[in-house]
Amino acid sequence: PGAILEVSINQEAWDALPEDLQDIVKSACGHMDSLLGAEYSARNAQFLQQLRNEGRIEIRPFPDSVIAELRLRSQEVIDELVARDESAARIYASYTAFQQQVNEWLDIGERAAVAARG
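Quick note: the sequence shown, position 115, residue 827 per our numbering, numbers continuous.
Right under this line is the structure:
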């Protein structure tokens, strides 16, 4: 579904940077995130078309039953992890809250716009 792009910086090294350099790093990271996200989408679309045109493989989505089983098994792993790791539990709670918020927007914004275009 998508790439996860991240930058890891030692907290002490980050704190030692002047604010203007922190702003430059933030700006560069934001630029690269936008650039790579657009490139990811464009190239995946391009190569999907290429694979279809070559005709040597059939591209199909996973069956709903496979997706449901994957969701179930993934949730089991997540539940085990968050049960034994307080940091993981906090991160997962934050992630799921954000995911719910974004999904509400996607339903009335992005998904609706894509559906309207056919």
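Glycine residues also receive a C-beta, built at the ideal position from the N, C-alpha and C atoms.
Check: My output table needs one value for Gly830: the three-state DSSP class, helix, strand or coil.; Outcome: coil
Check: Just to confirm the assignment, what range does the alpha helix (DSSP H) spanning Leu733 have?; Outcome: Glu731 to Glu766
Check: Take every Cβ of the segment 717 to 724, pair it with every Cβ of the segment 736 to 750, and state whether three or more of those distances are shorter than 8 Å.; Outcome: yes
Check: Using three-state DSSP, classify Ile721 as helix, strand or coil.; Outcome: coil
Check: Rounded to a whole number of angstroms, what is the C-alpha to C-alpha distance between Leu818 and Ala827?; Outcome: 11 Å
Check: Measure from the alpha carbon of Ile771 to the alpha carbon of each residue in Ile721, His743, Asn722 and Gln762, then state which is nearest.; Outcome: Gln762
Check: Give the C-beta separation of Tyr804 and Val794 to the nearest angstrom, bearing in mind that I take them to be a contact with Cβ-Cβ under 8 Å.; Outcome: 5 Å
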